[in-house]
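So the protein lines, in turn, are chains A and B.
With the working numbering as the guide, the letters of the first sequence map in order to residues 13 to 140.
With the working numbering as the guide, the letters of the second sequence map in order to residues 13 to 140.
Notes to accompany the following structure.
2 protein chains.
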Amino acid sequence: MSWKLQSDRPIYSQLMELIELKICSGFYPPGSKIPSVRELAQEASVNPNTMQRALSTLESDGLLISNRTSGRFVTNDESEILKLKKKLAEKNVAEFLQMMSKLGFTKDEIQNAISKSYIWEDNNGNNT
Amino acid sequence: MSWKLQSDRPIYSQLMELIELKICSGFYPPGSKIPSVRELAQEASVNPNTMQRALSTLESDGLLISNRTSGRFVTNDESEILKLKKKLAEKNVAEFLQMMSKLGFTKDEIQNAISKSYIWEDNNGNNT
DNA sequence: ACTATTGTATTAGATGTTTAATACAATAGT
DNA sequence: ACTATTGTATTAAACATCTAATACAATAGT
């Protein structure tokens, strides 16, 4: 799995977003167990403390649940996940359109650019 | 003018993006003089050093030119500005689509969401 | 019962960002 | 020439982030 991190933004924050995405996309299904803090930290080439911070914050958001020694699990509440998915999507659309609007693009130009894109050919996160 | 800054990302970086937007949108036209470091810093409620960092970086990017005591000016090279505009737009579209794709939305759903938006009613940056 | 694995907490140091206060350098405008 | 305004540079302190090393707490699995 990809953990592409940038240096111009807090890492724990990026980790949170990436994990949210993995949950919303079903990569980590509802109720499923996710890897341990230490494993995830290694995956992402990040200090365990940093990963812990991301995970515990997502937990206080109600998205994850930790069971002391049995590990950490995605919430079973699918409506919660759907809610997050909608929230992320709406925020994304709004920010995108605002940006494009400020850059002077029209709706038609945007629709055009999107219909020309090929993102949807591959479902592995790779742009073909 | 709006200088809405968030705390989850370096301020100087956000300032750069906002200024780039002001230039690309024509709020600061090519060749025009922009306010002084101190003025801009006050506008944005930011330390002059932070604003200076944003401005001098934009200068090394070739977007601004400083004339010691006469002030700072937007480049006259309109092709440079157009290039930036395209770069910003492409990056924005790509990131947006990748995100929406990962969230599981189809092209049609996205096209739909965009056609339903009302961003273009008002040109002052306010969503009506 | 023991042990390995889990999440969690703590302390310290390195680094980057931001603010603050100040000073200098150059010149447009008078 | 003088002066105010410009960009620029420097130093210090406060703060957040990240890493590192380590330890503790709890329990599933044996």
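All residues carry an ideal CB built from backbone N, CA and C; glycine is no exception.
What you are looking at is a predicted structure, and each value in this text was computed from that prediction instead of being measured.
Sequence-distant residues of its chain with Cβ nearer than 6 Å to residue i (five each side left out)
i      : result
Q26(B) : L17
K97(A) : C36
Y40(B) : K34, I46, V86
Nearest-angstrom Cα separation, counted from residue j out to residue i
i       : j       : result
L33(B)  : Y130(A) : 27 Å
K128(A) : T69(A)  : 38 Å
S91(B)  : N124(B) : 33 Å
S44(B)  : V86(B)  : 6 Å
Y24(B)  : S72(A)  : 30 Å
N104(A) : M111(B) : 8 Å
P47(B)  : W15(B)  : 14 Å
L94(A)  : L100(A) : 10 Å
E107(B) : K114(B) : 11 Å
E29(A)  : P22(A)  : 11 Å
T81(A)  : P42(A)  : 19 Å
L76(A)  : E102(A) : 22 Å
G38(B)  : L109(A) : 18 Å
I126(A) : S19(B)  : 31 Å
Beta-carbon proximity list for residue i, same chain, < 7 Å, skipping 5 on both sides
i      : result
M63(A) : L27, V49, L52, A53, A56
I31(A) : A66, L70
G74(A) : T87, E92
G83(B) : K45, S48
8 Å Cβ shell around residue i - same chain, five flanking residues per side excluded
i      : result
N79(A) : F85
D89(A) : P42, G74
Residue i: CB within 6 Å of a non-hydrogen atom of the ligand NAD
i       : result
N124(B) : Looking for the ligand NAD in the displayed structure turns up nothing, as the structure carries no ligands at all.
Are three or more beta carbon pairs between the region 45–63 of chain A and the region 115–125 of chain A nearer than 8 Å? Remark: fewer than three beta-carbon pairs, one from each stretch, lie closer than 8 Å, so the region 45–63 of chain A and the region 115–125 of chain A are not flagged as touching.
Please specify which runs of the alpha helix (DSSP H), each continuous and at least 4 residues long, are wholly inside the region 57–131 of chain A, giving them in chain order. Within the region 57–131 of chain A, the complete alpha helix (DSSP H) runs of at least 4 residues are 60–72, 90–114, 119–127.
With 7 Å as the C-beta to C-beta threshold (strictly closer), list the residues of the region 94–114 of chain A near chain B in chain order. Under the 7 Å Cβ criterion, the region 94–114 of chain A contributes K97, L100, A101, N104, V105, F108, L109, Q110, M111, M112, S113, K114.
Please identify, using Cβ separations under 9 Å, the residues of the region 57–78 of chain B that lie next to chain A, in order along the chain. Along the region 57–78 of chain B, none of the residues has a CB nearer than 9 Å to a CB of chain A.
Contact set between the region 41–54 of chain A and chain B, restricted to residues whose Cβ is under 8 Å from the partner: Of all residues in the region 41–54 of chain A, none has a Cβ within less than 8 Å of some Cβ in chain B.
Give me the subset of the region 118–130 of chain A whose CB atoms are less than 8 Å from a CB atom of chain B, sorted by chain position. If the cut-off is 8 Å between Cβ atoms, the region 118–130 of chain A has T118, K119, I122, Q123, A125, I126, S127, S129 near chain B.
Can you pull out the residues from the region 16–43 of chain A whose beta carbon lies closer than 8 Å to at least one beta carbon of chain B? Hits within the stretch, in order: D20, R21, P22, S25, L33, C36, S37, G38.
By the 7 Å beta-carbon criterion, what residues does the region 82–94 of chain A contribute toward chain B? Cβ contacts with chain B: none found.
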